Every structure is written in structure tokens, then in C-alpha cells.
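Student:
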Amino acid sequence: MAPLILCEDLWKIYRIGDVEVPALRGINLTIDRGEFVAVMGTSGSGKSTLMNLLGCLDQPSRGRYHLDGLDVSTAKPDLLADLRNRQIGFVFQNFNLIPRTSALENAQLPLFYRGVSIKEQRRQAAAALQRVGLAGREQHYPAQLSGGQQQRVAIARALVGAPSILFADEPTGNLDTASSREIMDILEHLNREDGITIILVTHEPDIAGYASRELVMKDGQIVQDVRRAPHLSAVT
Amino acid sequence: MPAFVLLTVMTALRILHRNRLRAGLTMLGIVIGVGAVIAMVSIGQGARAAVQAQVASMGTNVIVIMPGSTTVSGVRGGQGGAVTLTINDAAELKKRSPLLSDTGWAKRDVMQIVNGNRNWNGPVNGVSPSYLTIRDWSFTSGGPFTQADMESAARVALIGQTTLENLFDPGEEAMGATIRIKNVPFHIVGVLAPKGQSAQGTDQDDVIFIPFTTAERKVFGSQFLGSVGALFASTEQSADLPEAVEHIRETLRARHRLGPDQADDFTIRTQVDIGKVQEGTSQTLTVMLFAIASVSLLVGGIGIMNILLVSVTERTKEIGVRMAVGAKRIHILTQFLIEAMTLSLFGGMIGVIVGIAGAQLTTVIAGWPTMISVDAILTAFLFSLAVGLFFGLYPANKAARLNPIEALRYE
């Protein structure tokens with residue numbers, strides 16, 4: 000079976016005026032189903048750019064990216080949108096919930112664009128909220144929830160469509176230690192129990208400690224790629 | 000897709016509800032545009048209906064033939080100034096044209112009318128009995144005079160409502176009363192039902208009818224016996240009017256011995272001609288309305304576009320999130336188009352209410368007749384929807400073309 004993610008000599012070059020700025024310089028990477036990968040690196044190392052490419056939000060300037068056996072490096076915007084909708088879930092540092100919209104409706108969003116019936120959208124979104132421990136908070140607005148709870152709504156939204164990969168970009172960056180641990184426990188559980196592949200961008204070593212594989216980026220290249228047993232008690 | 004549209008409409012309604020003031024101000028242009036159209040069309044149609052009622056009050060399928068001509072330049076005695084039409088013309092017309100169901104004639108003069116100690120200066124018409132049938136006059140009491148009255152030059156009179164009010168005290172019985180016209184006593188045998196204003200604006204109820212023969216011999220003192228002020232004819236079908244007019248023209252030209260290069264010495268008019276003048280007026284009104292409506296709807300549309308551009312900017316991050324979870328361009332486009340159309344539709348609905356209220360208010364305050372037009376409401380409604388669609392397209396497209404990464408990063 001093809002690996003879930005296969006990158007071959009992936010380049011991303013931004014053009015600022017007349018100057019070409021390479022953000023990614025020849026990434027070769029394979030990630031299999033069920034992995035829990037932490038991507039580390041200083042800001043400007045290219046980890047966000049890599050996330051955007053792997054998350055089908057952007058396309059490479061050069062090279063090939065195969066997602067689940069499908070070459071998406073030159074896919075049309077609508078196909079990318081469809082892949083994001085069905086294969087990928089995002090969790091962002093600043094939650095990115097739609098304001099003044101209930102937790103349930105936020106969690107419904109991917110299904111909304113999938114053309115599922117309203118009843119089914121609600122049922123699955125409620126189930127997703129329950130999985131992240133927010134049963135009973137369906138009608139709360141983001142502003143009525145704590146940061147940790149908001150991030151859990153975001154996780155519910157990311158997993159409601161049963162994606163194969165979950166991208167988490169500094170998911171604990173705006174949270175206190177206790178909330179961070181809750182969030183990481185949920186992600187760890189999703190990876191271990193449900194087999195969801197998780198790619199986590201962080202610059203905190205103890206958050207990265209949850210992962211079973213660690214990539215370190217520098218100047219648009221992967222400079223270190225280690226697999227190890229995760230130390231689950233990282234944030235104690 | 001239906002679930003998507005339904006939820007999008009709900010979302011749009013919620014967003015508009017949240018920004019009530021802003022949405023309300025944005026809709027104002029559409030409200031004024033649609034309201035103006037509906038109010039003005041109602042007033043215009045009311046006026047037209049009133050005119051049509053006036054034209055109809057002439058009688059059905061009436062042809063009026065006046066002596067003299069208005070179509071040739073040079074010094075003339077004015078319309079009706081010449082005495083070129085006679086009773087014999089009327090008899091001949093009926094004989095020649097099978098299309099004419101009836102012909103009648105009338106001659107009028109303004110006279111002093113006296114009842115006891117009250118008097119009134121008003122038009123007195125000497126008419127043939129058929130004239131009353133052609134003009135569709137009806138009676139509140141009594142009835143028309145007869146052919147026998149005509150032949151005997153009887154001193155009988157029919158009185159119109161306005162003349163009645165001026166000659167009789169309220170409650171005083173007019174039927175059977177005796178009035179004097181130019182010192183000749185007349186018995187009132189019929190009181191006419193009111194007809195209101197004519198298409199030319201004269202009060203048709205300010206009138207006395209007496210038999211033509213009586214008028215000629217005892218009141219007016221005509222130089223030429225049998226000369227009439229105007230001839231009247233009617234047809235069974237309104238479609239026959241043009242042909243009947245041609246029959247009349249040919250007959251009269253032959254009787255008056257007019258050569259091919261001579262102009263008519265009479266004028267023929269039908270209700271259709273009178274209606275045409277009114278139509279011209281209402282067309283001017285329609286063009287003006289259209290201009291007002293176009294400008295207001297244009298301004299309203301620009302308002303909608305403006306507010307949507309603001310909304311797209313404000314919600315850039317939200318658009319980014321929606322794209323990240325799988326919204327395609329068409330989804331984002333549809334969402335903003337639905338918001339634009341919701342705005343314009345609401346504006347249109349409020350505009351319809353404002354327009355109807357405005358029309359009713361005009362009726363109450365100015366006393367103008369108004370008629371609410373369903374066509375105008377539907378058109379204005381569809382138009383406001385189209386405005387929303389058209390002016391929503393640019394902002395919606397702008398939103399749909401956002402780059403998801405940049406949209407997500409937008410603060």
C-alpha cells in the first residue's frame with residue numbers, strides 16, 4: 000500500500016519583488032498511516048510552509064506530493080478543497096472558530112460543505128463534541144468557552160469528517176499547561192485508539208514528546224528525522 | 000445542496016439580524032426605489048382608471064361628429080362654429096351605414112334657468128331621444144322624454160344633479176316641478192343619475208335636456224331649422240368604430256359636396272382618440288417613474304456592494320477557515336450572493352409595504368385615486384432580487400478568489 004504522504008524533492012519559492020526566496024528546498028518525506036509526527040524548528044525554518052503544502056492549502060513550486068497515492072502537486076483548487084474536506088483536519092494555534100456561531104455549528108462545518116443532510120450533520124457534530132468531552136456545550140458560543148474548550152471544539156471540527164490526517168499547528172501555543180495537557184491527551188488518544196495520523200508543528204520539546212517521530216527543520220530542509228518511543232508523561 | 004442553501008440562508012439571516020442597523024441603512028436605497036415605483040405606479044394607475052371611467056361615461060362606442068374643422072390652418076370660426084351638420088345628416092348616416100346602431104343629435108346653449116326664487120346659469124341641451132340612449136344616461140327618478148314629446152315640441156325637461164342642487168332646496172321634490180328656461184315653463188319629467196367629470200374636465204351633471212324640437216322652436220330661436228351642434232352615433236362593437244368612422248366621413252363628404260382636394264368641414268372623434276391623449280400622458284409618467292426607480296435601485300445596489308465588500312474584508316479569516324475545512328469557491332460565492340440577495344429581497348419587501356402605504360396615504364391626504372398593481376409589485380420584487388445578484392457578484396467573487404493561507408493569516 001502506498002504511504003499516506005510521499006514528498007519528492009518538494010520546493011516552495013516565494014517571489015518578493017524581483018527576489019526569489021526559497022521557503023522549502025527539496026523536501027523528501029514519507030509518512031505512513033497511524034504515525035504521530037512532530038515537526039520542530041525555529042520560525043522561518045519552513046515548517047509552516049510545509050504544513051500548508053501537506054495540508055493541501057498551497058501547492059509546491061516544484062517537486063511531487065502524493066497524498067494517499069494521488070498526485071496533488073498540480074491539482075485544481077476544487078479538488079484540493081475536496082481533499083481538505085474529506086482527508087484532512089486542521090487544528091490551529093488560535094482555534095479559528097467562527098465567532099458568534101455555536102460549538103455545534105462550528106463542528107458541523109466540514110459536513111456542511113460535504114452536502115450531508117442537516118440532521119446527519121447535527122448528529123455527527125454532536126458525537127464529535129462528545130468525543131472531545133464537550134457534551135452539553137453544543138449551544139455555547141466560542142466567546143463563552145475557555146481557550147482549552149475552544150481548542151477542543153476545533154478538534155471536534157477537525158475530526159467530524161473522519162479524516163485520515165490531522166494537522167495541528169502549535170495547538171497548545173495559546174493555552175496554559177493544564178489545558179495543553181488535555182489537548183495533547185485527546186490528540187494522543189485519537190492517534191492511538193482511532194489510528195488517525197497526526198502531524199504536529201511545535202517548538203516546545205515537551206509537546207513534541209508526545210510524538211513517535213520528530214522532524215527538525217532548518218532553512219527549508221529537514222535536518223533531523225528520528226523515530227522513538229513517545230514519552231507520554233511529557234507534560235507532567 | 001438543498002441543505003447547504005437552507006443553512007446558508009439561515010446564516011445570512013443571522014448575520015443581517017446581528018448587523019440590523021447596517022443592514023437597514025444598506026437596504027434603504029432598495030426600499031426607496033421599490034417603494035417609489037409601487038406608490039407612483041399605484042397613483043398612475045388610479046389616475047388612468049379614473050380617466051377610463053370618464054371616457055366610459057361618454058357612453059359605449061360613441062362617435063361624436065362636430066361641425067367645423069380643427070385640422071386646417073387659416074382663420075376659422077372655431078370648432079362647432081359653422082352650422083354644417085343637420086338632422087338630415089343624422090338620418091342619412093343611419094340609412095347608409097349598417098354598422099351604426101343609432102344616431103342622435105344635440106344643440107346646446109347656456110341659459111338662465113329659474114325655479115321660484117332661485118336661478119342658475121347653465122347649459123341647456125336640445126337633444127333627440129336617441130342621444131340619451133347613446134350616451135348611456137340613466138335616471139334616479141322619472142325617465143327620458145319620448146318621440147311623441149319630440150314631435151309635439153313638448154315642454155318637458157330632464158335635469159342633471161348639479162343643476163338640481165343649484166335650483167332646488169335640499170329635500171325639495173324636483174320631479175313634476177316646473178322650471179322656466181328663458182321664460183318658457185318646462186315640466187321636469189326625469190332626474191338624471193350623476194356621471195361626474197368628463198374627460199375634458201367639465202361637470203357633466205351641470206345639464207338640462209329638453210327635446211330638440213322644443214329647443215329649436217321655443218328656446219334657442221335657430222336661424223336654420225334642423226342645424227345641430229353635434230351629431231352622435233354608436234356601434235354595437237367597439238371593433239367596428241374605425242370602419243364606421245370611415246362610413247360617416249364618406250357619407251358626410253358626399254352630402255356636403257366636398258371635392259377630393261377639400262378638407263372635411265366636420266371633425267369625427269371617438270372614445271379611442273380621447274383615450275390616446277390620456278395614454279400619452281401616462282407614458283410620460285411611466286418614463287419618469289422608470290428613471291426614478293432605476294436611479295434608486297442603482298444607488299441601492301451600490302450600497303449593497305459596498306457593505307458586502309466591507310463584510311468580505313471583516314470576515315476574511317472566517318472565509319479562510321471555511322476554505323480550510325473544504326469550502327469550494329462556489330460555496331463561498333453562493334454564501335455572499337445569498338447574503339446580497341437576502342438584503343435586497345428584504346429591502347424589496349419593505350419597499351412594497353412602504354409603497355402601498357404611500358399610495359394609501361396619497362388617497363387619504365390628497366384624495367387622489369390609487370390602484371395597487373400586482374404586476375408592479377412582482378416586477379419591483381424581481382428587480383430588487385436582480386440588483387442583489389448583480390451587485391453581489393463582485394464582492395462574492397472577490398471572497399471566493401481569496402487565497403486560503405492569506406485569508407487564514409489575516410488579522
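The listed protein sequences derive, respectively, from chains R and G.
Start counting the first sequence at 0; every next residue gets the next number (numbering that gives the first Met the number 0).
Start counting the second sequence at 0; every next residue gets the next number (numbering that gives the first Met the number 0).
Ideal placement from N, C-alpha and C gives every residue a C-beta, glycine not left out.
Computed from a predicted structure; not experimentally measured.
Per DSSP, M65 (chain G) is paired with what?
Tutor: On the second sequence, residue 65 (chain G) is found 66 positions in, with the first residue counted as 1. Its beta-bridge partners are G:T266.
Student: Can you pull the chain G residues whose beta carbon is under 8 Å from the beta carbon of L108 (chain R), in chain order?
Tutor: Within the first sequence, the letter at position 109 stands for residue 108 (chain R). Correct list: V320, R321, V324.
Student: Is A326 (chain G) helix, strand or coil by DSSP?
Tutor: Locating residue 326 (chain G) in the second sequence gives position 327, where the first residue counts as 1. Here A326 (chain G) sits in coil by DSSP.
Student: Short check: CB of A127 (chain R) to CB of L103 (chain R), under 7 Å?
Tutor: Counting from one through the first sequence, the residue named residue 127 (chain R) turns up at place 128. Counting from one through the first sequence, the residue named residue 103 (chain R) turns up at place 104. In this structure, L103 (chain R) does not lie closer than 7 Å to A127 (chain R) by Cβ.
Student: Which residues in chain G have a C-beta closer than 8 Å to the C-beta of H15 (chain R)? List them in chain order.
Tutor: On the first sequence, residue 15 (chain R) is found 16 positions in, with the first residue counted as 1. The amino acid occupying residue 15 (chain R) in the given sequence is Ile; His does not appear at that position. Residues of chain G passing the Cβ test: none, with the nearest at roughly 14 Å.
Student: Expressed to the nearest angstrom, what Euclidean distance is found between the alpha-carbon atoms of S72 (chain R) and Y64 (chain R)?
Tutor: The residue labelled residue 72 (chain R) in the question sits at position 73 within the first sequence. The residue labelled residue 64 (chain R) in the question sits at position 65 within the first sequence. Going by the C-alpha atoms only, they are around 5 Å apart.
Student: Measuring only the C-alpha atoms, how far is I185 (chain R) from M322 (chain G)?
Tutor: Locating residue 185 (chain R) in the first sequence gives position 186, where the first residue counts as 1. Locating residue 322 (chain G) in the second sequence gives position 323, where the first residue counts as 1. Spanning the two alpha carbons is a distance of roughly 25 Å.
Student: Is the beta carbon of V386 (chain G) closer than 7 Å to that of G302 (chain G)?
Tutor: For the purposes of this step, residue 302 (chain G) is taken as residue 303 along the second sequence, with counting starting at 1. For the purposes of this step, residue 386 (chain G) is taken as residue 387 along the second sequence, with counting starting at 1. Contact: no.
Student: Go to R156 (chain R), then tell me how far its alpha helix (DSSP H) extends in each direction, as first and last residue.
Tutor: Position 157 of the first sequence holds residue 156 (chain R). 146-158 is the span of the alpha helix (DSSP H), which, as asked, contains R156 (chain R).
Student: Flag this pair as touching only if the region 54-62 of chain G and the region 369-388 of chain G have three or more C-beta atom pairs under 8 Å; answer yes or no.
Tutor: Short answer: they don't touch.
Student: Work out the CA separation of G141 (chain G) and V190 (chain G) for me, nearest whole Å.
Tutor: As a first step, residue 190 (chain G) must be located in the second sequence, where it is residue number 191. As a first step, residue 141 (chain G) must be located in the second sequence, where it is residue number 142. The alpha-carbon atoms of V190 (chain G) and G141 (chain G) are separated by roughly 6 Å.
Student: For I185 (chain R), which three-state DSSP category applies?
Tutor: Working through the first sequence from its first residue, we reach residue 185 (chain R) at position 186. Helix, per DSSP.
Student: What are the residues that DSSP puts in a beta bridge with S140 (chain G)?
Tutor: Against the second sequence, residue 140 (chain G) aligns to sequence position 141. Paired residues: G:V190.
Student: DSSP has L9 (chain R) in a bridge; who is on the other side?
Tutor: Within the first sequence, the letter at position 10 stands for residue 9 (chain R). BP columns for L9 (chain R) point to R:I26.
Student: With a cut-off of 8 Å, do at least 3 Cβ pairs link the region 203-211 of chain G to the region 120-133 of chain G?
Tutor: Contact holds: three or more Cβ-Cβ distances are below 8 Å.
Student: From this set, G:S233, G:G220, G:H330, which residue's C-alpha is nearest L6 (chain G)'s C-alpha?
Tutor: Here residue 6 (chain G) is taken as the residue at index 7 of the second sequence, counted from 1. Selected option, being the one with the closest Cα: G:H330.
Student: Classify D374 (chain G) as helix, strand or coil using the three-state DSSP reduction.
Tutor: Translated into the one-based positions of the second sequence, residue 374 (chain G) becomes position 375. Three-state DSSP puts D374 (chain G) in a helix.
Student: Using CA coordinates, which residue listed in R:P21, R:T29, R:V90 is at the minimum distance from L214 (chain R)?
Tutor: Counting from one through the first sequence, the residue named residue 214 (chain R) turns up at place 215. Comparing Cα-Cα distances from L214 (chain R) to each of R:P21, R:T29, R:V90, the minimum goes to R:T29.
Student: Who pairs with P122 (chain G) in a beta bridge, going by DSSP?
Tutor: Reading the second sequence from its first residue, position 123 is the one you call residue 122 (chain G). In the DSSP output, where bridge partners are listed per residue, P122 (chain G) has G:V109.
Student: Which chain G residues sit within Cβ distance under 7 Å of I97 (chain R)?
Tutor: As a working mapping, residue 97 (chain R) is identified with position 98 in the first sequence. Result: E317, V320.
Student: Leaving out the 5 sequence neighbours to the left and right, which residues in its chain are closer than 6 Å to V12 (chain R) when beta-carbon positions are compared?
Tutor: Start at 1 with the first residue of the first sequence, and residue 12 (chain R) comes out as number 13. Rather than Val, the amino acid found at residue 12 (chain R) in this sequence is Ile. If we look at I12 (chain R) and ignore the five residues flanking it on each side, its Cβ neighbours are E19, P21, S60.
Student: Got a sec? Which residues, its chain only, sit under 6 Å from T269 (chain G) by beta carbon, not counting five neighbours each side?
Tutor: What you label residue 269 (chain G) is simply residue 270 of the second sequence in a count that begins at 1. Closer than 6 Å at Cβ, skipping near neighbours: I62, L240.
Student: Secondary structure at L401 (chain G), three-state DSSP: helix, strand or coil?
Tutor: Residue 401 (chain G) sits at position 402 when you count from the first residue of the second sequence. It is coil, neither helix nor strand.
Student: Check L360 (chain G) in the structure and name its three-state DSSP category.
Tutor: Counting from one through the second sequence, the residue named residue 360 (chain G) turns up at place 361. Of the three classes helix, strand and coil, the one that applies to L360 (chain G) here is helix, per DSSP.
Student: According to DSSP, W104 (chain G) sits in a beta bridge with which residue or residues?
Tutor: To locate residue 104 (chain G), count along the second sequence from 1; it is residue 105. The partner list for W104 (chain G) (beta bridge, DSSP) reads G:L230.
Student: Quick check on T25 (chain G): buried or exposed, where buried means 16 or more other Cβ atoms within 10 Å of its Cβ?
Tutor: Counting from 1 along the second sequence, the entry for residue 25 (chain G) is found at position 26. Result: buried.
Student: Assuming I87 (chain R) contacts G54 (chain R) (C-beta within less than 8 Å), just tell me the rounded distance between them.
Tutor: Mapped onto the first sequence, residue 87 (chain R) falls at position 88. Mapped onto the first sequence, residue 54 (chain R) falls at position 55. About 6 Å separates the two Cβ atoms, so the contact holds.
Student: List, in chain order, every chain R residue whose beta-carbon is nearer than 8 Å to that of A46 (chain G).
Tutor: Counting from one through the second sequence, the residue named residue 46 (chain G) turns up at place 47. Within 8 Å Cβ-Cβ: nothing; A46 (chain G) doesn't reach chain R, min ~50 Å.
Student: Would you check if the distance between the CB atom of E398 (chain G) and the CB atom of V286 (chain G) is smaller than 7 Å?
Tutor: As a first step, residue 398 (chain G) is located in the second sequence; it is residue number 399 there, counting from the start. As a first step, residue 286 (chain G) is located in the second sequence; it is residue number 287 there, counting from the start. Residue identity check: residue 398 (chain G) is Ala in the sequence provided, not Glu. In this structure, V286 (chain G) does not lie closer than 7 Å to A398 (chain G) by Cβ.
Student: Just by C-beta distance, which residues in the region 398-409 of chain G are closer than 9 Å to chain R?
Tutor: Flagged, chain order: N402, P403, I404, L407.
Student: Kindly indicate which three-state DSSP category H246 (chain G) falls into: helix, strand or coil?
Tutor: Stepping through the second sequence from its first residue, residue 246 (chain G) is reached at position 247. Helix.
Student: Checking the sheet assignment: what are the DSSP bridge partners for R65 (chain R)?
Tutor: Here the question's residue 65 (chain R) lines up with position 66 in the first sequence. A quick correction: the sequence has His, not Arg, at residue 65 (chain R). H65 (chain R) pairs with R:L5, R:D70.
Student: By alpha-carbon positions, which one of G:Q44, G:M110, G:S233, G:T10 ends up nearest to N182 (chain G)?
Tutor: Within the second sequence, the letter at position 183 stands for residue 182 (chain G). If we check each option's Cα against that of N182 (chain G), G:M110 comes out closest.
Student: Consider the Cβ of H330 (chain G): report whether some Cβ of chain R lies at a distance smaller than 7 Å.
Tutor: Position 331 of the second sequence, counting from 1, holds the residue named residue 330 (chain G). By this cut-off, H330 (chain G) is an interface position.
Student: State the DSSP-derived secondary structure class of A233 (chain R), mapped to helix, strand or coil.
Tutor: Counting from 1 along the first sequence, the entry for residue 233 (chain R) is found at position 234. Legend: pLDDT at A233 (chain R) = 46, less than 50; position of this residue unreliable, no value from coordinates given.
Student: Below 8 Å, can you find three or more Cβ-Cβ pairs linking the region 29-37 of chain G to the region 337-357 of chain G?
Tutor: These segments touch.
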